[in-house]
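Chemist: Each number in the numbering used here corresponds to the 1-based position in the sequence shown with 35 added.
Glycine included, C-beta positions come from ideal geometry on N, C-alpha and C.
Treat the numbers as computed from the prediction; the structure is a model and nothing was measured.
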Amino acid sequence: MSTTEYQVAINRSRIEKRITELGQIGRIGDTGVCRLALSQEYRQGVELVKAWMEEAGMVSRIDHFGNVIGRLEGKNPHAPILMMGSHIDSQPYGGRFDGVVGVLGAIEAVQTMKENGIVPEVPIEVAAFCDEEGCRFNNGFFGSRGILGRLEPGELDRTDKNGITRRQALIEFGGDPAKFAESEYAAENIGAYLELHIEQGPVLESLDRPVGIVTGIAGLLWLTVEMTGTAGHAGSVPMPLRKDALVGAAKVIAALNDIVKPSPDSKAVGTVGNIQVFPDSRNIIPEKVKFTIDLRDIDQGKRDENEKRLREKIEAIAREHGLTYSITEDNNSEPRYCAEWIKSIINEEGERMGLDCPELMSGPAHDALIMSYVTDYAMIFVRCKEGISHNPKEFSSIEDISLGTELLYRTAVRIATEAFTKRGDLR
């Protein structure tokens, strides 16, 4: 069924045009994007999104964490807000839709409300959060954690591959770490959070469904492992006498893969996405290897067990090869489940549209994960081709994006005009 066969209030051509225009900022190749957090490209994107927020009828601002936030006032300006959003920063080799669909879809939802003369009972804010991806400074969700006062010690001292600290990048962007408190929210002031996002997986495509309802977000564990041995000449050190850090790291990586794939129904996933080798020379035995581990599961107990087994493997492998090692925990979040009352509204509105919205979990983490610690939240997923994401080949059709945006719009209208009034304080 095409979009035209559904009753759609949002402006499909407008959101398509905006996705295309934003995709030109930091463009790589024909379809890719590199728009790293706090970069010049990111600043250009923020300014463009800020202008669209104002065009939609919102009052917009850029806060000290690098977020851009638009506000549509409600009849009760002091009520807890309905917040919607996502992010516009990208991976170094990313696509046009990750995060962007959620930000532009939220702007479109608000603009459609304005055009239809809908005045919400409560204020609505749309946020494009800074550095959700975490690839530049190796720790993500900076903007969403920042507004909730959840930043970690030393976070501003993290450096990118060029040695630029997050503090320096933030100040150059226009933020002021001394004024973070001015940009923070009290938890009780956020009544609910909605996020539209591409699925970044193959489930919806396999079910031939354009839109899905998220049940929860898998718990995420990020570790950085450093294994140290002894450098030596590749031609003169006998194999039994070597302390090769890269051999040890390779065995750990293989062990991670074995740990997370024992059963076909397991939701556990494990990834090593970055490796640094020192001295990084063809004819020198590697002395030091630093690599990242990404471990996820919707079942906290199973993820804890996998982490325990992995740590035991690292210890055994290091002992076998005469290596020393360190493990640093960069991120650790438990699984977070979506609010049933919001899921019910999404499902009801989907049925009114004639959509059959399956429920599915999210393996990737999102800003919604952070927001879940202070408020009720829900997510809407849009089908993406072959489940590809974090890749220039990432693609979602404008037909599917329009349906997801329409469902977001209808859900936001229900929450902002009815649910808050009926439920009062949602927490």
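DSSP state of residue 196, grouped into three classes?
Modeler: Coil.
Chemist: With burial defined as no fewer than 16 other Cβ atoms inside 10 Å of the residue's Cβ, what is the status of residue 440: buried or exposed?
Modeler: buried
Chemist: Going by alpha carbons, who is nearest to residue 360 out of 71, 296, 322, 416?
Modeler: 322
Chemist: Is it true that the CB of residue 120 sits closer than 8 Å to the CB of residue 161?
Modeler: yes
Chemist: Taking DSSP as the reference, what is the three-state secondary structure of residue 172?
Modeler: coil
Chemist: Write down every uninterrupted run of the alpha helix (DSSP H) in the stretch 59 to 100 whose length is 4 residues or greater and which is fully enclosed by it, in chain order.
Modeler: 75 to 90
Chemist: Are the stretch 236 to 248 and the stretch 293 to 300 in contact at 8 Å, needing three or more beta carbon pairs?
Modeler: no
Chemist: Check the C-beta distance from residue 381 over to residue 446 and give it rounded, since I have them as a contact under 8 Å.
Modeler: Indeed they touch by this definition, with Cβ atoms about 5 Å apart.
Chemist: When the Cα of residue 143 is compared with those of 339, 454, 450, 438, which residue comes out closest?
Modeler: 438
Chemist: DSSP three-state label for residue 46, please.
Modeler: coil
Chemist: Based on the DSSP output, what are the partners of residue 413 in its beta bridges?
Modeler: DSSP, once it has assigned bridges, lists 229 as partnering residue 413.
Chemist: Given residue 184, which residues of its chain have a CB within under 7 Å of its CB, disregarding the five upstream and five downstream residues?
Modeler: 219
Chemist: To the nearest whole angstrom, what separates the beta carbons of residue 73 and residue 165, a pair I think is in contact under 8 Å?
Modeler: 7 Å
Chemist: Spatial neighbours of residue 448 within its chain, please: C-beta separation below 7 Å, excluding the five flanking residues on both sides.
Modeler: 148, 153
Chemist: What do you reckon, are the CB atoms on residue 255 and residue 173 nearer than 8 Å?
Modeler: no
Chemist: Which residues bound the alpha helix (DSSP H) around residue 139?
Modeler: 135 to 150
Chemist: Return the bridge partner residues of residue 367 from the DSSP annotation.
Modeler: In the DSSP output, where bridge partners are listed per residue, residue 367 has 256.
Chemist: Quick check: the Cα distance between residue 454 and residue 180, rounded to an integer number of angstroms?
Modeler: 26 Å
Chemist: Answer with buried or exposed for residue 99, where buried requires no fewer than 16 other C-beta atoms within 10 angstroms of its C-beta.
Modeler: Counting Cβ neighbours within 10 Å, residue 99 comes out buried, since at least 16 surround it.
Chemist: By alpha-carbon positions, which one of 385, 262, 114 ends up nearest to residue 222?
Modeler: 114
Chemist: Which residues mark the beginning and the end of the beta strand (DSSP E) in which residue 326 is found?
Modeler: 323 to 332
Chemist: Just how far apart, CA to CA, sit residue 305 and residue 105?
Modeler: Each residue's CA atom was taken as its position, placing residue 305 and residue 105 some 37 Å apart.
Chemist: Please go through the same chain and pick out, in chain order, the residues whose beta-carbon is closer than 6 Å to the beta-carbon of residue 46, but skip the five residues on each side of it.
Modeler: none
Chemist: How should residue 410 be labelled, buried or exposed, when 16 other C-beta atoms within 10 angstroms of its C-beta is the threshold for buried?
Modeler: buried
Chemist: Measure the beta-carbon distance from residue 327 to residue 341 and round it to whole angstroms, keeping in mind my assumption that it falls under 8 Å.
Modeler: In this structure, residue 327 and residue 341 do not form a Cβ contact; the two beta carbons are roughly 16 Å apart against a cut-off of 8 Å.
Chemist: So, for residue 64: in the same chain, excluding its five sequence neighbours on each side, which residues have a beta-carbon less than 8 Å away from its beta-carbon?
Modeler: 427
Chemist: So is residue 110 buried or exposed if we call it buried at 16+ other beta carbons inside 10 Å?
Modeler: exposed
Chemist: Does the separation of the CB atoms of residue 168 and residue 419 fall below 8 Å?
Modeler: no
Chemist: Can you list, in chain order, the residues of its chain with a C-beta nearer than 8 Å to that of residue 425? Leave out the 5 residues immediately preceding and following it.
Modeler: 126, 128, 129, 130, 133, 235
Chemist: Distance, Cα to Cα, residue 378 vs residue 249?
Modeler: 8 Å
Chemist: Return the residue from the list 284, 82, 275 that minimises the CA-CA distance to residue 259.
Modeler: 284
Chemist: To which residues of the same chain is residue 358 closer than 7 Å at the C-beta, ignoring the five residues directly before and after it?
Modeler: 262, 263, 264, 278, 280, 283
Chemist: Alpha carbon to alpha carbon, what distance is there between residue 405 and residue 303?
Modeler: 21 Å
Chemist: Please classify residue 265: does DSSP put it in a helix, a strand, or coil?
Modeler: coil
Chemist: Grab the span of the alpha helix (DSSP H) containing residue 380 for me, first residue to last.
Modeler: 375 to 388
Chemist: Helix, strand or coil, according to DSSP, for residue 41 in the structure here?
Modeler: The answer is coil: DSSP assigns residue 41 none of H, G, I, E or B.
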